[in-house]
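Read the structure below first, then the notes.
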Amino acid sequence: MLKTDKLEYNIEKIRGDFPILHRQVHNKPFVYFDNAATTHKPLEVIERMDRVYRETNSNIHRGVHYLSDVTTREFESARETVRGFINARNDHEIIFTSGTTAGINLAAFSFGERYVGENDEIVVSALEHHANIVPWQMLCERKRAKLRVIPMDDHGELDIEEYKEMLNDRTRLVAVTHVANSIGTVNPVKKITGIAHEHGIPVLIDGAQAVQHGSVDVQDLDADMYVFSGHKMYGPTGIGVFYGKENILEEIPPYQTGGEMVDQVTFEKTTFNQLPLKFEAGTPNYTGAIGLAAAIDYLVETGLDKIAAHEKDLLDYAAGRFAQIDGLKVFGAAREKISVISFVLEDIHPYDAGMVIDKFGIAVRTGTHCAQPVMDRFGIRGTIRASMAMYNTREEVDRLCEAIGKVKEMFG
Amino acid sequence: MEKVQEEIVEEFGLFDDWMDKYNHLIELSRSLPVIDEKYKKPEFLIEGCQSRVWLNAAMEDGRVVYTADSDAVITKGIIALLIRVLSGRTPDEILENDLWFIDRIGLKENLSPTRSNGLISMIKQMKLYALAYKAKNQKTGRNGESG
């Protein structure tokens, strides 16, 4: 009768799966609260990649020899795993990239070349990370197009009414983040997509901070493009995913060109390969893709719903503890939030606080979090950010509070 | 100049743990010859992603005198140390000094370029001021210019 998600969630077992969590930093047990920057890797990922290099390594799609064939099949099987993870219709809608930034740059170039012209408009939001601002700015400069920004309110929620007003017959694309890295807001992306589609405008969603915190179904969201990174979801660095609907991927030109992505090459003309290879120039990071599939297997085995419940518990607990600390102000009070708390301490510079917190063996991020417009919106120069993940505990939150107490004692 | 660095190393040798060291830096931050408010504008700002630093220099009797400030206290404490070593020296002395004390007192991590706290750029800027005054001296053949 008392069987709850919490009881089923075996935090000790999970922590045991991540070797790095058991090291010490500054002679203290390591507490890692910088998960929005990157997450640690479970043994399943580390060992899977180790096995590729020890036992099966060979370049893919090229050789007829045995190991090339084995690795090619594992790489393509990783693509199928990713497809299932985000519930895309087809494997060939999954393009492997080096990460979210690469995926957005791909879109800004290829989609931009095909669909964006002078006086056209691209819509982004006030909650974006620089990676979902700058590529669009560059595109707008190249094409003499305009960048429009959906504003947000003091809670860190986007103004959907303003957004509706913003769309017009010059709007070519809406590019929004699913979850804000700086303050944790979960945007109503399904609603945002629905509104854009009423005008026939496609939508790109930056899922870098979303896929590790709960199930994402690109068909349910009806996202036209969806991008994310491996390393923020317990997978390796240097691998990411660009999902695009088949009709868009067929229409837009390739971004980078080289080996594997071509069909016929003569010095007069080149024809390009079928999807997905059209967008995967050069030797892809197949080891990374296989590692990413291992991370997905790990997340699915653990259960994304259980992870979300655990992280919600941590967020609520941390918010409760923080509320009792005098002079601590949290930025971002969206109704839907992931386990990120961005805060400042009255009259104490985030950098000073971060330096002391570090000495407690606790990793937090300080600064602007590569989202300066978000900081500007709140009129601050930076925050301290604690971003929590599947392996964090309430005890670790207590240790952070203890460190904050020390910061206040020293600088207050 | 070497003596000042040795003094600082000795001073920091008294502290066994980081907390005492940081507390000392907080103390030192209060001793910083603070830059005049009128210089706290963009031309004198050294922008770091983590903390900001303002720096000015003037030539007095052939010696470079620095004033500075930062929005972060620890950064300010470290600046106070840098100024203690470099300020009031001749341009040549400043240009030749390699600031070995920083490593010895365990603050090297604070001067890593990855910290982006403005300190690395600040040292560069301090040396640039020295270089500029040296060039000016050679040109005019006299000291005592202020600016």
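Sequence lines, in order, name chains E and R. Number 93 in our numbering belongs to position 78 of the first sequence; there are no gaps in the numbering. Number 971 in our numbering belongs to position 95 of the second sequence; there are no gaps in the numbering. Where a beta carbon is used, it is the ideal one built from N, C-alpha and C, also for glycine.
1. Restricting to Cα atoms, I'd like to know which of R:Gln-1014, R:Ser-946, R:Asp-968, R:Lys-1015 is closest to R:Lys-917.
2. Going by DSSP, what residue range makes up the alpha helix (DSSP H) through E:Arg-129?
3. Confirm, please, whether the CB-CB distance from R:Ile-884 to R:Arg-960 is below 9 Å.
4. Can you tell me which of E:Val-218, E:Ile-254, E:Gly-171 puts its alpha carbon nearest to the alpha carbon of E:Glu-136?
5. Going by DSSP, what residue range makes up the alpha helix (DSSP H) through E:Asp-391?
6. Taking just the CA atoms, how far does E:Gln-279 sit from E:Lys-21?
7. Distance check for E:Ala-348 and E:Thr-208, CA to CA, integer angstroms please.
8. Could you tell me whether the segment 222-234 of chain E touches the segment 303-322 of chain E, where touching means 3 or more Cβ pairs closer than 8 Å?
9. What did DSSP end up calling E:Arg-163 once you bin it into helix, strand or coil?
10. Ends of the alpha helix (DSSP H) at R:Arg-980?
11. Would E:Arg-104 and E:Gln-234 be called neighbours here (beta carbons separated by less than 9 Å)?
12. For E:Thr-192, which of E:Glu-143, E:Leu-182, E:Arg-163 has the nearest alpha-carbon?
13. E:Thr-9 bridges to which residues according to DSSP?
14. Can you have a look at R:Ala-1006 and say buried or exposed, based on whether 16 or more other CB atoms are within 10 angstroms of its CB?
15. Taking the alpha-carbon positions, what's the E:Ser-140 to E:Met-403 distance?
16. With distances taken between CB atoms, is the gap from E:Ala-378 to E:Tyr-47 smaller than 9 Å?
17. In chain E, which residues lie with their C-beta within 7 Å of the C-beta of R:Trp-894?
18. Within 9 Å of any Cβ in chain R, is that where the Cβ of E:Asp-49 sits?
19. Please determine, among E:Leu-36, E:Ala-160, E:Ala-195, the residue with the shortest C-alpha to C-alpha distance to E:Ala-461.
20. Since I believe E:Val-131 is in contact with E:Lys-158 (beta carbons under 8 Å), could you give me their beta-carbon distance rounded to a whole number of angstroms?
21. With a cut-off of 9 Å, does the C-beta of E:Asp-367 fall near any C-beta of chain R?
22. Considering only C-alpha positions, which residue in the set E:Phe-111, E:Asp-328, E:Phe-393 is nearest to E:Phe-358?
23. Hey, how far is the Cα of E:Tyr-241 from the Cα of E:His-214?
24. Check whether the Cβ atoms of R:Asn-899 and E:Met-370 sit closer than 9 Å, and answer yes or no.
25. Within 9 Å (strictly less), CB to CB, does R:Arg-960 reach chain E?
26. Go to E:Gln-279, then tell me how far its beta strand (DSSP E) extends in each direction, as first and last residue.
27. Please check if any C-beta of chain R sits within less than 9 Å of the C-beta of E:Met-370.
28. May I ask you to list the residues that DSSP assigns as paired with E:Ala-334?
29. Can you name the start and end residues of the beta strand (DSSP E) that R:Thr-933 belongs to?
30. Going along chain E, which residues have a C-beta under 7 Å from R:Gln-926?
31. Provide the residue span of the alpha helix (DSSP H) that contains E:Asp-235, from first to last.
32. Out of curiosity, what's the CA-to-CA distance linking E:Ser-244 and E:His-37?
33. Have a look at E:Asp-373, E:Ala-386, E:Ser-354 and flag the residue whose alpha-carbon is nearest the alpha-carbon of E:Ala-323.
34. Given that E:Phe-346 touches chain R, what residues does it touch there, using C-beta distances under 7 Å?
35. Can you find at least 3 beta carbon pairs, one from the segment 111-127 of chain E and one from the segment 263-277 of chain E, that sit closer than 8 Å?
36. Under a CB-based cut-off of 9 Å, is E:His-41 close to chain R?
Answer, in terms of the structure:
1. R:Ser-946
2. 115-130
3. yes
4. E:Val-218
5. 387-393
6. With a pLDDT of only 48 at E:Lys-21, under 50, the local geometry of the prediction cannot be trusted, and no value is derived from it.
7. 23 Å
8. yes
9. strand
10. 977-980
11. yes
12. E:Glu-143
13. A question about residue 9 of chain E goes unanswered here, because the residues of chain E that appear run from 16 up to 427.
14. buried
15. 24 Å
16. yes
17. Lys-374
18. no
19. Summary: the structure shown does not reach residue 461 of chain E, with chain E confined to residues 16 through 427, and so no result is reported for it.
20. 5 Å
21. yes
22. E:Phe-393
23. 19 Å
24. no
25. no
26. 277-280
27. yes
28. Paired residue(s): none; E:Ala-334 is not in a bridge.
29. Note that residue 933 of chain R is Ala in the sequence shown, not Thr. Unbroken beta strand (DSSP E) run through R:Ala-933: 929-936.
30. Tyr-366, Thr-381, Gly-382
31. 233-236
32. 25 Å
33. E:Ser-354
34. Result: empty, since nearest Cβ-Cβ is about 17 Å, beyond 7 Å.
35. yes
36. yes
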